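Asks:
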Amino acid sequence: MPPRIAHPSIATVTLNPALDLTIPLPRLARGEVNRVGAAELRPAGKGVNVSVMLGVLGEASLATGLLGAADIPAFAEFLDGQGVAADFVPVPGRCRINVKLVETEADGGAVTDINPPGAATPEGALEAVAAKLAYGPAIVVLSGSLPPGLAPGALAWLAERLRGFGARVVLDSSGPAFEAALAAKPALIKPNRDELSALLGRALPDRAALLAAAREMQEQGIGSVVVSAGGEGALFALPEAALWVTPPRVRLTTTVGAGDAMVAGLTAALARGLPPEAMARLATGCAAAAVSRPVGGSPALAEITRLAEAAHVERL
Ligand SMILES: Nc1ncnc2c1ncn2[C@@H]1O[C@H](COP(=O)(O)OP(=O)(O)OP(=O)(O)O)[C@@H](O)[C@H]1O
Ligand SMILES: [Mg+2]
Numbered sequence: 001m002p003p004r005i006a007h008p009s010i011a012t013v014t015l016n017p018a019l020d021l022t023i024p025l026p027r028l029a030r031g032e033v034n035r036v037g038a039a040e041l042r043p044a045g046k047g048v049n050v051s052v053m054l055g056v057l058g059e060a061s062l063a064t065g066l067l068g069a070a071d072i073p074a075f076a077e078f079l080d081g082q083g084v085a086a087d088f089v090p091v092p093g094r095c096r097i098n099v100k101l102v103e104t105e106a107d108g109g110a111v112t113d114i115n116p117p118g119a120a121t122p123e124g125a126l127e128a129v130a131a132k133l134a135y136g137p138a139i140v141v142l143s144g145s146l147p148p149g150l151a152p153g154a155l156a157w158l159a160e161r162l163r164g165f166g167a168r169v170v171l172d173s174s175g176p177a178f179e180a181a182l183a184a185k186p187a188l189i190k191p192n193r194d195e196l197s198a199l200l201g202r203a204l205p206d207r208a209a210l211l212a213a214a215r216e217m218q219e220q221g222i223g224s225v226v227v228s229a230g231g232e233g234a235l236f237a238l239p240e241a242a243l244w245v246t247p248p249r250v251r252l253t254t255t256v257g258a259g260d261a262m263v264a265g266l267t268a269a270l271a272r273g274l275p276p277e278a279m280a281r282l283a284t285g286c287a288a289a290a291v292s293r294p295v296g297g298s299p300a301l302a303e304i305t306r307l308a309e310a311a312h313v314e315r316l
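By the count of the UniProt record's numbering, the sequence shown reaches residue 316 at its end, each step adding exactly one.
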């Protein structure tokens, strides 16, 4: 477990956390009673997931953001057990429950996500989150969607503030909030293929199209652009090199949180100053280990390392 320090050099921000209820079942029978085996309910939300995976990698982090006051003790206890310092701004109400129906017999393990909007955000809450980050973490991960009551410019505002504090920003979001935050020129972004395609308003059918799109983003002043493409792997358009990394074949548990695990690997690599190939391998190892993790648990560091070494790296 990483050392517990009050002001870790990595922070993650989750403005719309959730309790994830993951239900594995062979196949969903709509409109009928579905009796299932073990379900898992755990504190989540994209930045929270990133912090948990950073803990597995031995990197201490602060998890902050907005959280229903009644859920703060459960999140704090869970995160403490993962070596993560939790310091959320309380908001009225409860956090949402995101239901993930994982059909193990469907082709490729189809996941149906049911995500309610989350609790409304009171006045001044975003400013309170910024205040939690004023101590000056070196890297701040901004992940996920916005809760009701925050304008699409919320992530952009936060990213600008963080730049003022001297932090490097890692951004993993989608839609208008993602688009607006690009103006703050994050150090790294990790859209998936669909998110980048929606941003640019065109199809990105192959690696050449993805690389051209990533280059466009880099020309706008974004340092690194990592575009994930599910089981096919990911493009890593980094300042010094462009790589395509294909993950090794794994036995799928759930693809829930694959992107968050990849963001954790990227963040740890940034913090450690890893060269391109080592960064891409670590990120891929984290992601592949996350999709094959034991049900209800986190992947082991040794498994992340094994999968990172087994990944296939191509220079583009
Ligand atoms: N079936 C798979 N087998 C092995 N690795 C996988 C698989 N699916 C995803 N990954 C790994 O996880 C990475 C991220 O996956 P993906 O592109 O699905 O992220 P995402 O869409 O951002 O996910 P999220 O829903 O967590 O936001 C991939 O680049 C790959 O390395
Ligand atoms: Mg994602």
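Note that the Cβ used here is the ideal one computed from N, Cα and C, for glycine as well. The model shown is predicted, which means the values in this text are computed figures rather than measured ones.
Hey, which unbroken runs of the alpha helix (DSSP H) at 4 residues or more fall wholly within the stretch 97-146?
Replies: Those alpha helix (DSSP H) runs which fall completely within the stretch 97-146 and span 4+ residues are 125-132.
Asks: Taking the C-alpha atoms as reference points, what is the distance between residue 263 and residue 172?
Replies: Answer to the nearest angstrom: the Cα atoms are 8 Å apart.
Asks: Helix, strand or coil, according to DSSP, for residue 304 in the structure here?
Replies: Helix at residue 304.
Asks: Answer yes if the stretch 208-224 comes into contact with the stretch 290-306, meaning at least three C-beta pairs across the two stretches below 8 Å, and no otherwise.
Replies: Taking 8 Å as the limit for Cβ pairs, the verdict is that the stretch 208-224 does not touch the stretch 290-306.
Asks: Between the beta-carbon of residue 83 and the beta-carbon of residue 45, is there less than 7 Å?
Replies: No, they are not a contact pair.
Asks: Going by beta-carbon coordinates alone, are residue 245 and residue 311 separated by less than 7 Å?
Replies: Cβ distance < 7 Å, so residue 245 and residue 311 count as in contact.
Asks: Does the beta-carbon of residue 231, which I'm using as the reference point, lie nearer than 6 Å to any heavy atom of ligand 2?
Replies: Incorrect: residue 231 has no Cβ contact closer than 6 Å to ligand 2.
Asks: What's the gap between the Cα of residue 3 and the Cα of residue 161?
Replies: Only weak support is given to the placement of residue 3: the predicted model assigns it a pLDDT of 45, under 50, and the question is left unresolved by the model.
Asks: Taking the C-alpha atoms as reference points, what is the distance between residue 37 and residue 29?
Replies: Cα to Cα, residue 37 sits roughly 15 Å from residue 29.
Asks: For residue 35, tell me which candidate among 191, 41, 295 and 26 has the shortest Cα-Cα distance.
Replies: The shortest C-alpha separation from residue 35 is found at 26.
Asks: Rounded to the nearest angstrom, what separates residue 269 and residue 276 at their Cα positions?
Replies: Cα-Cα distance, rounded: 9 Å.
Asks: Is it right to say residue 293 is buried, meaning 16 or more other beta carbons lie within 10 angstroms of its own, or is it exposed?
Replies: The residue is buried, with at least 16 neighbouring Cβ atoms inside 10 Å.
Asks: Any contact between the stretch 238-255 and the stretch 270-289? By contact I mean 3 or more CB pairs, one from each, below 8 Å.
Replies: These segments touch.
Asks: With DSSP as the reference, label residue 9 as helix, strand or coil.
Replies: Of the three classes helix, strand and coil, the one that applies to residue 9 here is coil, per DSSP.
Asks: Excluding sequence positions up to five away, which residues of its chain have a Cβ less than 8 Å from the Cβ of residue 148?
Replies: Same-chain partners within the cutoff: 117, 118, 119, 120 and 121.
Asks: Give me, in chain order, the residues of the same chain whose beta-carbon lies closer than 7 Å to that of residue 39; leave out the 5 immediate sequence neighbours on both sides.
Replies: Only 21, 22 and 23 meet the Cβ criterion.
Asks: Cβ of residue 14 within 7 Å of Cβ of residue 65?
Replies: Going by C-beta atoms, residue 14 is nearer than 7 Å to residue 65.
Asks: Any heavy atom of ligand 2 within a distance shorter than 6 Å of the CB on residue 265?
Replies: Outside the cutoff, so no.
Asks: Just to confirm the assignment, what range does the beta strand (DSSP E) spanning residue 56 have?
Replies: Where residue 56 is concerned, there is no enclosing beta strand (DSSP E), although the alpha helix (DSSP H) it sits in stretches over 46-56.
Asks: Just mark residue 17 as buried or exposed, buried being the case when its beta carbon has 16 or more other beta carbons within 10 Å.
Replies: With 16 or more other Cβ atoms within 10 Å, it is buried.
Asks: Consult DSSP for residue 68 and reduce its assignment to one of helix, strand or coil.
Replies: It is a strand residue.
Asks: Would you call the CB atoms of residue 226 and residue 258 closer than 7 Å?
Replies: No.
Asks: Which same chain residues end up closer than 7 Å to residue 74 when comparing Cβ atoms and leaving out the 5 residues on each side of it in sequence?
Replies: Cβ neighbours of residue 74 beyond the five flanking positions: 43.
Asks: With DSSP run on the structure shown, which of helix, strand or coil describes residue 43?
Replies: The answer is strand: DSSP assigns residue 43 an E or B state.
Asks: Can you tell me which of 274, 146, 53 and 229 puts its alpha carbon nearest to the alpha carbon of residue 241?
Replies: Residue 274 is the option with its Cα nearest to residue 241.
Asks: Return yes when the Cβ of residue 85 is within less than 7 Å of the Cβ of residue 62, no when it is not.
Replies: For residue 62 and residue 85, yes; Cβs fall inside 7 Å.
Asks: Does the count of Cβ pairs from the stretch 133-150 and the stretch 174-190 closer than 8 Å reach three?
Replies: The answer is yes - the stretch 174-190 touches the stretch 133-150, with three or more Cβ pairs under 8 Å.
Asks: By the three-class DSSP mapping on this structure, what secondary structure does residue 172 have?
Replies: Strand at residue 172.
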